[in-house]
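Participant: My questions will all concern the structure given below.
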Amino acid sequence: MIRESPGVSKIVAIANQKGGVGKTTTAINLAAGLTMFRHSVLLVDCDPQGNATTGLGIPPSKIGMHLYHALIGEAAPEDVLMKTGLPNLDLIPSTPDLVGVEQDLAGVEGRERVLARILAAFPSYDFVVLDCPPSLGLMTVNALAASHSVIIPLQCEYYALEGLSQLVQTIRIAKRAFNPRLHIEGILLTMYDYRVRLGYQVAQDVRAHFRELVYRTTIPRNVRLSESPSHGQHIFAYDPRSKGAECYLSLAKEFLLRQRRPS
Numbered sequence: 016m017i018r019e020s021p022g023v024s025k026i027v028a029i030a031n032q033k034g035g036v037g038k039t040t041t042a043i044n045l046a047a048g049l050t051m052f053r054h055s056v057l058l059v060d061c062d063p064q065g066n067a068t069t070g071l072g073i074p075p076s077k078i079g080m081h082l083y084h085a086l087i088g089e090a091a092p093e094d095v096l097m098k099t100g101l102p103n104l105d106l107i108p109s110t111p112d113l114v115g116v117e118q119d120l121a122g123v124e125g126r127e128r129v130l131a132r133i134l135a136a137f138p139s140y141d142f143v144v145l146d147c148p149p150s151l152g153l154m155t156v157n158a159l160a161a162s163h164s165v166i167i168p169l170q171c172e173y174y175a176l177e178g179l180s181q182l183v184q185t186i187r188i189a190k191r192a193f194n195p196r197l198h199i200e201g202i203l204l205t206m207y208d209y210r211v212r213l214g215y216q217v218a219q220d221v222r223a224h225f226r227e228l229v230y231r232t233t234i235p236r237n238v239r240l241s242e243s244p245s246h247g248q249h250i251f252a253y254d255p256r257s258k259g260a261e262c263y264l265s266l267a268k269e270f271l272l273r274q275r276r277p278s
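Mapped onto our numbering, the consecutive letters of the sequence shown carry residue numbers 16 to 278.
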C-alpha cells in the first residue's frame with residue numbers, strides 16, 4: 016500500500032471505553048503486523064497504565080521523557096520518541112504520570128488538539144497507532160481529534176453492544192465538533208470462542224447491524240496472546256506460529272486492503 020498523500024501519516028486510534036476488550040493487544044500486534052508488510056509505524060501509548068510500553072519490553076527505568084511531558088509542553092515531540100529495537104516500529108511511551116494531564120490541561124485553550132499538534136511532528140511514518148485508555152476522558156478525546164479513523168475492539172460478550180453504541184455516538188460528536196475527517200475504520204471482534212454460543216450470537220448481531228464495518232478477521236481467545244506482554248514481546252516475536260499471530264497478521268493484511276477503498 017502506498018499512501019495517497021506523501022508526507023502525511025495515517026493515524027488510527029484503537030478505542031473502546033470498556034476495559035479488557037483487547038485494545039492494547041490489538042494496538043501492539045496490529046502495529047507489529049504492519050511492519051511485517053514493510054510499513055513504518057509509530058505506536059503511541061495514550062494510556063496512563065502504560066501497558067503498550069511495557070508490552071514492548073520497555074521498563075519504566077528505561078523511560079526518560081514520555082508522552083505526558085510533550086502534552087504539557089515540557090518536552091519537544093522528538094524528545095519523547097523511543098526506538099523499540101524492532102525494525103520499523105517506534106514508540107512514544109507512557110507512564111502513570113499521564114493521569115495528571117486532565118488537570119494540567121484543564122484551562123488550556125484547544126486542549127483537545129494538543130496530541131494532534133505533537134503528532135504533526137512525525138509525518139514520515141506510514142501509520143501512527145494510538146492505544147487509548149479505557150475511558151472517554153481527555154486523552155481519548157485528544158486521540159479522536161488527532162486521528163483519521165478509529166478501530167473498535169469488541170469483546171464477544173453480552174454487554175458489548177451497550178458500550179459500542181456510546182462510543183459510536185462519541186465518535187459522531189467528535190467528528191462534528193473538531194475532526195470532520197474522522198470515521199470508523201472497522202470493528203474488530205476479540206476474545207472470540209467458537210465453542211460458546213453467546214459469543215457466536217454476539218458476533219452475528221454485530222455483523223448484522225454494522226455489516227461491512229466489521230472485520231472478517233476475528234481474534235480468538237489465545238493463551239499465547241495473553242502471555243506475550245509479560246515477556247515484553249509482540250505475538251510475532253513471542254510465538255509466530257500461534258493462532259494469535261496468524262489472526263493479527265490477517266488483520267494487518269485486511270487493514271491494508273481497506274486503505275485502498277474510499278472512506
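Beta carbons are placed, not taken as given, at the ideal position from N, Cα and C, and that holds for glycine.
Given this structure, state the Cα-to-Cα distance separating I17 from A267, to the nearest angstrom.
Facilitator: With a pLDDT of 36 at I17, under the threshold of 50, the modelled position of that residue is not reliable, and the figure given next carries that caveat. Approximately 15 Å, taken between the alpha carbons.
Participant: Can you tell which of A30, T40, L57 has the C-alpha that lies nearest to the C-alpha of S24?
Facilitator: The shortest Cα separation from S24 among A30, T40, L57 belongs to L57.
Participant: Since E124 contacts F193 with CB under 8 Å, what's their CB separation in whole angstroms?
Facilitator: The pair is not a contact, with the Cβ atoms about 13 Å apart (cut-off 8 Å).
Participant: Let's see if you can read the secondary structure: which residues bound the beta strand (DSSP E) around F142?
Facilitator: Per DSSP, F142 belongs to the beta strand (DSSP E) from 142 to 146.
Participant: For the putative contact between V143 and L153, defined by C-beta atoms under 8 Å, what is the C-beta separation to the nearest angstrom?
Facilitator: Not really, about 19 Å apart at Cβ, beyond 8 Å.
Participant: If we ignore side chains and look at the alpha-carbon of each, how far apart do A85 and G34 end up?
Facilitator: If you take the alpha carbons of A85 and G34, they lie about 25 Å apart.
Participant: Can you tell me which residues form a DSSP beta bridge with T99?
Facilitator: Its beta-bridge partners do not exist; DSSP assigns none.
Participant: Return the first residue and the last residue of the beta strand (DSSP E) that H81 is part of.
Facilitator: Neither: H81 is in no beta strand (DSSP E) and is coded neither H nor E.
Participant: Which of helix, strand or coil does DSSP assign to D208?
Facilitator: Coil, per DSSP.
Participant: In whole angstroms, give me the CA-to-CA distance for R256 and Y207.
Facilitator: Each residue's Cα considered, the two are about 19 Å apart.
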